[in-house]
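Trainee:
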Amino acid sequence: EPEVTQTPSHQVTQMGQEVILRCVPISNHLYFYWYRQILGQKVEFLVSFYNNEISEKSEIFDDQFSVERPDGSNFTLKIRSTKLEDSAMYFCASSGLAGITDTQYFGPGTRLTVL
Amino acid sequence: GNSVTQMEGPVTLSEEAFLTINCTYTATGYPSLFWYVQYPGEGLQLLLKATKADDKGSNKGFEATYRKETTSFHLEKGSVQVSDSAVYFCALSDLPSFGNEKLTFGTGTRLTIIP
Chain A
-19 EPEVTQTPSH QVTQMGQEVI LRCVPISNHL YFYWYRQILG QKVEFLVSFY NNEISEKSEI
41 FDDQFSVERP DGSNFTLKIR STKLEDSAMY FCASSGLAGI TDTQYFGPGT RLTVL
Chain B
868 GNSVTQMEGP VTLSEEAFLT INCTYTATGY PSLFWYVQYP GEGLQLLLKA TKADDKGSNK
928 GFEATYRKET TSFHLEKGSV QVSDSAVYFC ALSDLPSFGN EKLTFGTGTR LTIIP
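Keeping their order, the protein sequence lines are chains A and B.
What the first sequence shows, in our numbering, is residues -19 to 95, in sequence order.
What the second sequence shows, in our numbering, is residues 868 to 982, in sequence order.
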């Protein structure tokens, strides 16, 4: 069964460093998302992406964040200068083209720890 | 804005017990409602969904009914198994906007089933 994959599973970085989190969505999907979950808190929407541009972004998704689909398979989230409060689990999701409310399929997540 | 409130966890039950995990929501329109499940070490998986009032979503013995009058979507299962141990997330999506199915999640409820 097709699945969303994410790498790495755990990333440790120093404050101020850039990190890139990688996702491979399901191959025929067209819509891509990033969410994050700070430990003990809710899963929060960050950004949605379609047709090579951002569809919507939350207020969390400030200028330090960017997303890219550099080729036909990868979908990346970059944090330019990490802060302690960026420590969280980051989930990638994708969905297909099925009219109303297609299911979003999630990856296993990348745990980001900023020291 | 939209929000989801879930029953506080963790919840511990004996095998074959009846399960209810409460979920209520606040939304301005007519959202679609979801339950996602996260097994240890895995991503979020869609468990069931309902797209309009009085719809019942069901899967793997779990059920939830979209109750507009009480703005609720409680998850139930008649007889739980050890394999149901996981974290359960209630979520809603905004009015269907093609390609922009942002999900709003609750905090998650950790369920542990004891043999």
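Ideal Cβ placement from N, Cα and C applies to all residues, glycine included.
Any Cβ of chain B within less than 9 Å of the Cβ of Q84/A?
Mentor: yes
Trainee: For V857/B, does the three-state DSSP call read helix, strand or coil?
Mentor: Past the boundaries of the shown model lies residue 857/B; chain B is included only from 868 to 982, so the question cannot be answered.
Trainee: Would a check of beta-carbon distances place E24/A closer than 9 Å to chain B?
Mentor: yes
Trainee: Look at E109/A and T90/A and say whether their C-beta atoms are less than 9 Å apart.
Mentor: Any question about residue 109/A goes unanswered here, given that chain A covers just -19 to 95.
Trainee: Grab me the residues of Q(-9)/A's own chain with a C-beta within less than 8 Å of its C-beta, minus the 5 sequence neighbours each way, in chain order.
Mentor: V(-1), L1, T90, R91, L92, T93
Trainee: What is the DSSP secondary structure of G79/A, counted as helix, strand or coil?
Mentor: At G79/A, the pLDDT of 44 sits below 50, so the modelled position is not reliable; the number obtained from the coordinates is stated separately. If DSSP states are grouped into helix, strand and coil, G79/A belongs with coil.
Trainee: Can you tell me whether G79/A is buried or exposed? The criterion is at least 16 other CB atoms within 10 Å of its CB, across all chains shown.
Mentor: Residue placement at G79/A cannot be trusted, given a pLDDT of 44 that sits under 50; what the coordinates show is reported in the next sentence. Its Cβ having fewer than 16 others within 10 Å, G79/A is exposed.
Trainee: In this structure, how does DSSP classify L913/B when only helix, strand and coil are distinguished?
Mentor: strand
Trainee: Below 8 Å, how does it come out for the stretch 3 to 14 of chain A and the stretch 949 to 958 of chain B: are there three or more Cβ pairs, yes or no?
Mentor: no
Trainee: By the three-class DSSP mapping on this structure, what secondary structure does E65/A have?
Mentor: helix
Trainee: Could you spell out where the beta strand (DSSP E) holding H9/A opens and where it closes?
Mentor: Taken as a continuous stretch (DSSP letters only), H9/A belongs to no beta strand (DSSP E), as it is neither H nor E.
Trainee: If you draw a straight line from the C-alpha of G896/B to the C-alpha of F885/B, how long is it?
Mentor: 32 Å
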